[in-house]
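**Q** Chains as they are written, first to last, in my numbering: chain A, 1 to 113; chain B, 114 to 225.
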Amino acid sequence: EAGVTQSPRYAVLQEGQAVSFWCDPISGHDTLYWYQQPRDQGPQLLVYFRDEAVIDNSQLPSDRFSAVRPKGTNSTLKIQSAKQGDTATYLCASSLGLNTEVFFGKGTRLTVV
Amino acid sequence: SQLAEENLWALSVHEGESVTVNCSYKTSITALQWYRQKSGEGPAQLILIRSNEREKRNGRLRATLDTSSQSSSLSITATRCEDTAVYFCATVASSGSWQLIFGSGTQLTVMP
């Protein structure tokens, strides 16, 4: 069975540009997470969904970041007007319910110059 | 500030040796998870230990949890070069919105 799939694997932007990341979770997983992982740090939760509903987006910089999961399957994370401080790896993960094993994708490494 | 923190940035051992990574945390938890992240990959869960458990094993891995001192350890026996990775502990708080809080990780290098 395929794991969590993310695309693209790499992205390089100039400040002010927009970018979208796409995630396909493990089939049947109702919970989907987006994490930001700056270099040499642990992942930090941005937002998570249960089916199509946003459960917690309190860590998502709402002025420039948005995330959707319209049919409760795939998800898109978008950054409008990227800043150098957004340079990080963006990880998508999924699980069946909460407090169970969370499966991560390989991530998208974003560099903003 | 980090709510979960591994105690060392980096460790190096030779193949076959045993190694322990320690973690401390600052909040009441329902569970603690240990993850391994190899270069270019996402984290992979190794062990989930719940707050009412004191020890959990998975092959060569052994995790302990001490809720009184708010600390955990992950021991790896008979290390292999492929164990080279960053090891994270991640906590699940017992109150508030569910989320995994990761520490900053310990880089383990296993040398031939």
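Idealized CB from N, CA, C, for every residue including glycine.
At the level of alpha carbons, what is the spacing between N57(A) and H127(B)?
**A** Locating residue 57(A) in the first sequence gives position 57, counting from the first residue. Locating residue 127(B) in the second sequence gives position 14, counting from the first residue. Rounded to the nearest angstrom, the two C-alpha atoms are 43 Å apart.
**Q** Kindly indicate the opening and closing residues of the beta strand (DSSP E) around A2(A).
**A** Translated into positions along the first sequence, residue 2(A) becomes position 2. Run containing A2(A): none; DSSP gives neither H nor E here.
**Q** For the structure I just gave you, are there three or more beta carbon pairs, one from the region 188-204 of chain B and one from the region 169-180 of chain B, closer than 8 Å?
**A** Touching, per the Cβ criterion.
**Q** Any beta carbon of chain A sitting closer than 8 Å to that of Q183(B)?
**A** Counted from its first residue, the second sequence places residue 183(B) at position 70. It does not; no Cβ of chain A falls within 8 Å.
**Q** Identify the contact partners of T143(B) in chain A, using a Cβ-Cβ distance below 9 Å as the criterion.
**A** Counting from 1 along the second sequence, the entry for residue 143(B) is found at position 30. Near T143(B) (Cβ distances below 9 Å), the residues of chain A are N99.
**Q** By how many angstroms is the C-alpha of G129(B) removed from the C-alpha of S75(A)?
**A** Taking the first residue of the first sequence as position 1, residue 75(A) is located at position 75. Taking the first residue of the second sequence as position 1, residue 129(B) is located at position 16. So the alpha carbons of these two residues sit roughly 42 Å apart.
**Q** What separation, rounded to the nearest whole angstrom, lies between the Cα atoms of S114(B) and T140(B)?
**A** Here residue 114(B) refers to the residue found at position 1 when the second sequence is read from its first residue. Here residue 140(B) refers to the residue found at position 27 when the second sequence is read from its first residue. Summary for S114(B): the model assigns pLDDT 40, below 50, so the residue's position carries little reliability; its value from the coordinates is reported in the next sentence. Straight-line Cα distance between these residues: approximately 12 Å.
**Q** Taking the alpha carbon of S184(B) as the reference point, which residue from N135(B), L159(B) and S131(B) has its own alpha carbon closest?
**A** Looking up residue 184(B) in the second sequence gives position 71. Looking at the Cα atoms, N135(B) is the closest of the given residues.
**Q** Counting only beta-carbon atoms, is L45(A) nearer than 8 Å to chain B?
**A** What you label residue 45(A) is simply residue 45 of the first sequence in a count that begins at 1. By this cut-off, L45(A) is an interface position.
**Q** At the 8 Å Cβ level, is F21(A) part of the contact set with chain B, yes or no?
**A** Walking along the first sequence from the start, residue 21(A) turns up at place 21. It does not: the Cβ of F21(A) has no partner Cβ on chain B nearer than 8 Å.
**Q** Alpha carbon to alpha carbon, what distance is there between F215(B) and S131(B)?
**A** Sequence index remark: in the second sequence, residue 131(B) carries index 18 (1-based). Sequence index remark: in the second sequence, residue 215(B) carries index 102 (1-based). Those two C-alpha atoms are separated by around 24 Å.
**Q** With 8 Å set as the bound, which would you pick, yes or no: does the beta-carbon of Q41(A) sit closer than that to a beta-carbon of chain B?
**A** Residue 41(A) sits at position 41 when you count from the first residue of the first sequence. So yes, Q41(A) belongs to the interface.
**Q** Can you give me the Cβ contacts of R193(B) inside the same chain, cut-off strictly under 7 Å, excluding the 5 residues immediately before and after it?
**A** Walking along the second sequence from the start, residue 193(B) turns up at place 80. Answer for R193(B): E128 and V223, listed in chain order.
**Q** Over the uninterrupted beta strand (DSSP E) stretch that includes Q44(A), give me the two end residues.
**A** Counted from its first residue, the first sequence places residue 44(A) at position 44. That run of the beta strand (DSSP E) goes Q44 to R50.
**Q** Could you check which residue in T111(A), P43(A), A67(A) and D63(A) has the C-alpha nearest to that of R50(A)?
**A** The count along the first sequence starts at 1 and reaches residue 50(A) at position 50. For the residues T111(A), P43(A), A67(A) and D63(A), the minimum Cα distance to R50(A) belongs to A67(A).
**Q** Can you find a C-beta in chain A that's less than 8 Å from the C-beta of E166(B)?
**A** By one-based count along the second sequence, residue 166(B) stands at place 53. No, no contact with chain A.
**Q** Determine the closest residue to T143(B) out of N99(A), V112(A), T111(A) and R64(A), with distance taken between C-alpha atoms.
**A** Within the second sequence, the letter at position 30 stands for residue 143(B). Out of N99(A), V112(A), T111(A) and R64(A), N99(A) has the C-alpha closest to the C-alpha of T143(B).
**Q** Alpha carbon to alpha carbon, how far is W122(B) from L159(B)?
**A** By 1-based counting over the second sequence, the position of residue 122(B) is 9. By 1-based counting over the second sequence, the position of residue 159(B) is 46. Answer to the nearest angstrom: the Cα atoms are 19 Å apart.
**Q** What do you get for L96(A), buried or exposed, if any count of 16 or more other CB atoms within 10 angstroms of its CB means buried?
**A** Counted from its first residue, the first sequence places residue 96(A) at position 96. Classification of L96(A): exposed, given that the 10 Å Cβ count is below 16.
**Q** So, using beta-carbon positions, are G72(A) and L91(A) closer together than 8 Å?
**A** Reading the first sequence from its first residue, position 72 is the one you call residue 72(A). Reading the first sequence from its first residue, position 91 is the one you call residue 91(A). No, the pair does not count as a contact, with Cβ atoms beyond the cut-off.
**Q** At the 8 Å Cβ level, is F49(A) part of the contact set with chain B, yes or no?
**A** Position 49 of the first sequence holds residue 49(A). F49(A) does not count as touching chain B.
**Q** Report all residues from its chain with a CB closer than 8 Å to the CB of G105(A); omit the five preceding and five following residues, and keep chain order.
**A** Taking the first sequence and counting its residues from 1, one reaches residue 105(A) at position 105. Excluding positions up to five away in sequence, the list reads G3, V4, T5, Q6, C23, L91, C92 and A93.
**Q** Less than 8 Å between the beta carbons of P156(B) and P43(A), yes or no?
**A** Locating residue 156(B) in the second sequence gives position 43, where the first residue counts as 1. Locating residue 43(A) in the first sequence gives position 43, where the first residue counts as 1. Yes, the pair counts as a contact, with Cβ atoms nearer than the cut-off.
**Q** To the nearest angstrom, report how far apart G218(B) and E118(B) are at their CA atoms.
**A** Position 105 of the second sequence, counted from the start, is the residue given in the question as residue 218(B). Position 5 of the second sequence, counted from the start, is the residue given in the question as residue 118(B). Each residue's alpha carbon lies about 7 Å from the other.
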